[in-house]
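Undergrad: Dumping the structure here so I can ask a few things about it.
Chains as they are written, first to last, in the working numbering: chain Z, 8 to 335; chain U, 447 to 722.
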């Protein structure tokens, strides 16, 4: 078990490092595997344009992509286990709707992208999380469907408000709103990434601590209880940790969809259902996948770039269907 | 006097305003094979859920090894009581070994990583229920009988003192029914487990149990050795159907035979000559 955990982690970590390396070396202003190597070993020319692009623009963006991919994949994994629903994804409890409203209000108020809009988006999603927690207090938190349905309703309500806000907006801010809703990694800077990783890593650790408990949850709440799981406590911890983690991420990069739904399934098909393996695999594999998708979204279009969310689904969906077919 | 593993006094339970169990008092001795029977809706499963701690006791007292159940933490309780569900193949394809190892969870460290010792205990449990050869198979590819034996191995692996089973033979064929029941008897005799089982099968209860608890509409009809409980009179009153009771040809326990409507005219004749 431990051997397998280390092996999988090592392989996926290598993959993540490789993808980060690729992410750093490639881009519209020229390919620079060489330059990356040179910079790594301190042999760069100080005034090199490429050097600045790699470390000031590409590095924060690539790191943000890795963090976002990791968080969303892990979030999807936890919610799929917690709600015992294969369609669960990190936004299922309405976090996306809440943070979108927050972000749109921030954009409309003319705040800067960071920290302004990030902050309002975060407030929005935390507000929805509190709402969900209040709605599902008492016994009903144990009933997975009531949690799921409350989330769907919150999302529906938020969508209505989002559409309302959008229809009221006409100027250039509309473009900003749309880009935020599709997910956007281009505005990252190193400080932002630093803050984000400081909030995310403790969440990763907490969720890994509960990975074996998630295995037990798959057996049904009653069975899990008889194996020593305190369902109420565990549900609350998983719910709050995951929502907090996803909220932080989403407030930095907007609504990147699909990764959170498909990565856990993809990894489960390949690695089996054990969460002690899947939690680190989602962090490392989800991160690597997002870095590659972001890279493609930068490199593929001749002019400008497309939202990374387009690529995640364009590659992910067929790949997933292929694996699903093969596994049966 | 044997030690009491489960001791219940004046236990009542209601779902909101629906009373399900009404003022039950009984105890189960350590190392006893105890079977709870009764018609649908008599409260058997609720009673099981109370003993396993899934439902909270609100009225009355439920002690496990002389300590009120609510004073145990979940983990402590999991080291004393293990549950074998009716039929609970998980949706996710764990291997048999992985599933049996889950039984170790109350004994594991905070990260839930198993040691060599845990694997050894799991292998012994699998050997005991004869599922070693399935060790690497996926749980969702097994037959009902194999699956049930895997879940029993999981319960053994938990190293409890009491094993609760909720109708473990309900969906099994004849051969597997006997196999599972023999297995439980072996567990009781060789490893000293207390076995508490909910069952619909009165004949299996007659063959294997030390004592039977008969429930009806949330109340105890009677409790005692099989030949005292499974009498024509008690069965007729409890289930309200046509049946015959005589002594089994294989041992000193009652045999219950159902009588279909088309043969009911024979009932009077047989009853007057043969029964009791």
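Where a beta carbon is used, it is the ideal one built from N, C-alpha and C, also for glycine.
Might you give, ordered along the chain, the residues of its own chain that have their beta carbon closer than 7 Å to the beta carbon of residue 138 of chain Z, omitting 5 neighbours on each side?
TA: 161
Undergrad: Taking C-beta pairs closer than 7 Å, name the residues in chain Z that residue 531 of chain U reaches, listed in chain order.
TA: 230
Undergrad: Whose CA, out of U:585, U:600, U:555, U:696, lies closest to the CA of residue 567 of chain U?
TA: U:600
Undergrad: Whole-angstrom Cβ separation of residue 235 of chain Z and residue 270 of chain Z, contact assumed at under 8 Å?
TA: 30 Å between Cβ atoms; not a contact.
Undergrad: Quick test of the definition: if touching needs 3 or more C-beta pairs under 8 Å, does the segment 520 to 527 of chain U touch the segment 618 to 638 of chain U?
TA: no
Undergrad: In this structure, how does DSSP classify residue 522 of chain U when only helix, strand and coil are distinguished?
TA: In the displayed model, residue 522 of chain U falls within a helix according to three-state DSSP.
Undergrad: Does the beta-carbon distance from residue 608 of chain U to residue 452 of chain U come in below 8 Å?
TA: Contact flag set, yes.
Undergrad: Tell me whether residue 265 of chain Z sits in a helix, a strand or coil according to DSSP, three-state version.
TA: In this structure, residue 265 of chain Z counts as coil in the three-state DSSP scheme.
Undergrad: Near residue 672 of chain U, which residues of its chain fall below 7 Å by C-beta distance, leaving aside the five closest residues on each side in sequence?
TA: 651, 652, 655, 658, 699, 700
Undergrad: Can you tell me where the beta strand (DSSP E) with residue 456 of chain U in it begins and where it stops?
TA: Run containing residue 456 of chain U: 450 to 461, per the beta strand (DSSP E) assignment.
Undergrad: Do residue 113 of chain Z and residue 135 of chain Z come within 8 Å of each other at the CB atom, strictly closer than that value?
TA: no
Undergrad: I think residue 267 of chain Z touches residue 93 of chain Z, with their Cβ atoms under 8 Å apart; what is that distance to the nearest whole Å?
TA: The pair is not a contact, with the Cβ atoms about 13 Å apart (cut-off 8 Å).
Undergrad: Mind checking who residue 759 of chain U pairs with in its DSSP beta bridge?
TA: No answer is possible for residue 759 of chain U: the residues shown for chain U start at 447 and end at 722.
Undergrad: With DSSP as the reference, label residue 502 of chain U as helix, strand or coil.
TA: coil
Undergrad: Within 8 Å of any Cβ in chain Z, is that where the Cβ of residue 544 of chain U sits?
TA: yes
Undergrad: By DSSP, does residue 673 of chain U sit in helix, in strand, or in coil?
TA: In the structure shown, residue 673 of chain U sits in a helix (DSSP, three-state: H, G or I).
Undergrad: Contact check, residue 725 of chain U vs residue 585 of chain U under 8 Å by CB: the rounded distance?
TA: The shown model of chain U, from 447 to 722, leaves out residue 725 of chain U, and the question about it has no answer.
Undergrad: Output yes if chain Z places a C-beta closer than 8 Å to the C-beta of residue 554 of chain U; else output no.
TA: By the rule that beta-carbons nearer than 8 Å mark a contact, residue 554 of chain U touches chain Z.
Undergrad: So which residues of chain Z does residue 480 of chain U contact, with C-beta pairs closer than 8 Å?
TA: Per Cβ cutoff of 8 Å: no residues; residue 480 of chain U is ~18 Å from chain Z at best.
Undergrad: On the criterion of 16 or more Cβ atoms from any shown chain inside 10 Å, does residue 222 of chain Z qualify as buried, or is it exposed?
TA: buried
Undergrad: Can you give me the C-alpha to C-alpha distance between residue 721 of chain U and residue 692 of chain U, rounded to a whole angstrom?
TA: Because residue 721 of chain U carries a pLDDT of 45, less than 50, the predicted location of this residue cannot be relied on, and no value is offered for it.
Undergrad: Helix, strand or coil: which one does DSSP assign to residue 722 of chain U?
TA: Model confidence at residue 722 of chain U stands at a pLDDT of 44, short of 50, so the residue's coordinates are unreliable and nothing is read from them.
Undergrad: Should residue 560 of chain U go down as buried or exposed, given a rule of 16 or more other Cβ atoms within 10 Å for buried?
TA: buried
Undergrad: Candidates Z:285, Z:282, Z:280, Z:323: which alpha carbon is nearest residue 300 of chain Z's?
TA: Z:323
Undergrad: Is there at least one Cβ from chain Z nearer than 8 Å to residue 721 of chain U's Cβ?
TA: Reliability of the predicted coordinates at residue 721 of chain U is poor, the pLDDT of 45 falling under 50, and no value is obtained from them.
Undergrad: Quick check on residue 550 of chain U: buried or exposed, where buried means 16 or more other Cβ atoms within 10 Å of its Cβ?
TA: buried
Undergrad: Within 10 angstroms of the Cβ of residue 710 of chain U, are there 16 or more other Cβ atoms? Answer buried if so, exposed if not.
TA: exposed
Undergrad: Consult DSSP for residue 164 of chain Z and reduce its assignment to one of helix, strand or coil.
TA: helix
Undergrad: Can you give me the start and stop residues for the beta strand (DSSP E) that residue 469 of chain U sits inside?
TA: 464 to 475
Undergrad: On the three-state DSSP scale, how would you describe residue 337 of chain Z?
TA: Residue 337 of chain Z falls outside the range modelled here, since chain Z spans only 8 to 335, and no answer is possible.
Undergrad: I need the DSSP call for residue 588 of chain U, collapsed to helix, strand or coil.
TA: Three-state result, residue 588 of chain U: coil.
Undergrad: How many Å lie between residue 494 of chain U and residue 488 of chain U at the Cα?
TA: As the crow flies, the alpha-carbon of residue 494 of chain U is around 12 Å from that of residue 488 of chain U.
Undergrad: Quick test of the definition: if touching needs 3 or more C-beta pairs under 8 Å, does the segment 243 to 255 of chain Z touch the segment 504 to 519 of chain U?
TA: no
Undergrad: Would you check if the distance between the CB atom of residue 78 of chain Z and the CB atom of residue 226 of chain Z is smaller than 8 Å?
TA: In this structure, the beta-carbon distance from residue 78 of chain Z to residue 226 of chain Z does not fall below 8 Å.
Undergrad: Going along chain U, which residues have a C-beta under 9 Å from residue 218 of chain Z?
TA: 557, 558
Undergrad: Have a look at residue 185 of chain Z and residue 177 of chain Z and give me their C-alpha separation to the nearest angstrom.
TA: Distance from the CA atom of residue 185 of chain Z to the CA atom of residue 177 of chain Z, rounded to whole angstroms, is 12 Å.
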